[in-house]
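First up is the structure itself, then whatever we jot down about it.
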Ligand code: 6GU
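In the numbering used here, the protein residues as written are 263 to 509.
Encoded structure:
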């Protein structure tokens, strides 16, 4: 069976969205992965199919009801489903390349997209959801985060990218930012390509690229740089959360 993504959402029309184009879209058409969207509102209560209510204790916004959400989940995830269940929320742990690798290595994923002020805490606990955020900013819902998370997983599935790209992935899965890239023309509007790249000296090119990767990481991402240096001192780099930035 192909890699199976199930998305529980109040906005199923947002999917596949961008995942219907480019690499992920071709892989979807080829059956390398499968997408199932589940409309939470189909499990809503009463004539208005209510899925949310006002927060106990007061305050702004609405909270997704635990009963409706749990019913929707149970309808799309059987008890023996081996796939991880992820609730997308800005309260979650930050998503990393290590998560993408772990999810891509499994059978698929079940994603719950939060809306309103979020999901009732009891449903999060009862379902043992893994809470994940994609960054320190606020989205109006979990749907764009689900698209981001899926994109990161899908490009790692066998056959989705070429073999060359996978090899590249390995060589840069070290927690450094990428070096800068150049193509023709060799001179453009008075700007020359760094001469070493035209030298044909592959060892020198490798050394230049490594130095540029390290410089970019040091200048732009001191957090990644510290982790990279610690990893190097401990004699390991692979699979650090830092490698998210280099994939
Ligand atoms: Cl997963 N959801 C929302 N609403 N905002 C976010 C997020 C998720 N990750 C970062 N910001």
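Ideal placement from N, C-alpha and C gives every residue a C-beta, glycine not left out.
Fair warning: this is a prediction, and the values are worked out from it, not measured in the lab.
{"Query": "Could you check the C-alpha separation between residue 394 and residue 436 for me, to the nearest Å?", "Result": "23 Å"}
{"Query": "Which complete beta strand (DSSP E) runs does the stretch 374 to 445 hold, if anything under 3 residues is left out?", "Result": "392 to 395"}
{"Query": "With a 10 Å radius around its C-beta and 16 neighbouring C-beta atoms as the bar for buried, classify residue 417 as buried or exposed.", "Result": "buried"}
{"Query": "Output the boundary residues of the beta strand (DSSP E) element that contains residue 350.", "Result": "347 to 356"}
{"Query": "For residue 333, which three-state DSSP category applies?", "Result": "helix"}
{"Query": "Out of 410, 325, 493 and 440, state which residue places its alpha-carbon closest to the alpha-carbon of residue 278.", "Result": "410"}
{"Query": "Of all the options 471, 265 and 452, which has the alpha carbon lying nearest to the alpha carbon of residue 343?", "Result": "265"}
{"Query": "Out of 486, 448 and 295, which has the shortest C-alpha to C-alpha gap to residue 263?", "Result": "295"}
{"Query": "Are the Cβ atoms of residue 271 and residue 375 separated by less than 8 Å?", "Result": "yes"}
{"Query": "Looking at the unbroken alpha helix (DSSP H) that takes in residue 298, where does it start and where does it end?", "Result": "From DSSP, residue 298 is part of no alpha helix (DSSP H) but of the beta strand (DSSP E) over 295 to 301."}
{"Query": "Given this structure, state the Cα-to-Cα distance separating residue 323 from residue 378, to the nearest angstrom.", "Result": "6 Å"}
{"Query": "Mind checking whether the beta-carbon of residue 350 lies closer than 7 Å to any heavy atom of the ligand 6GU?", "Result": "yes"}
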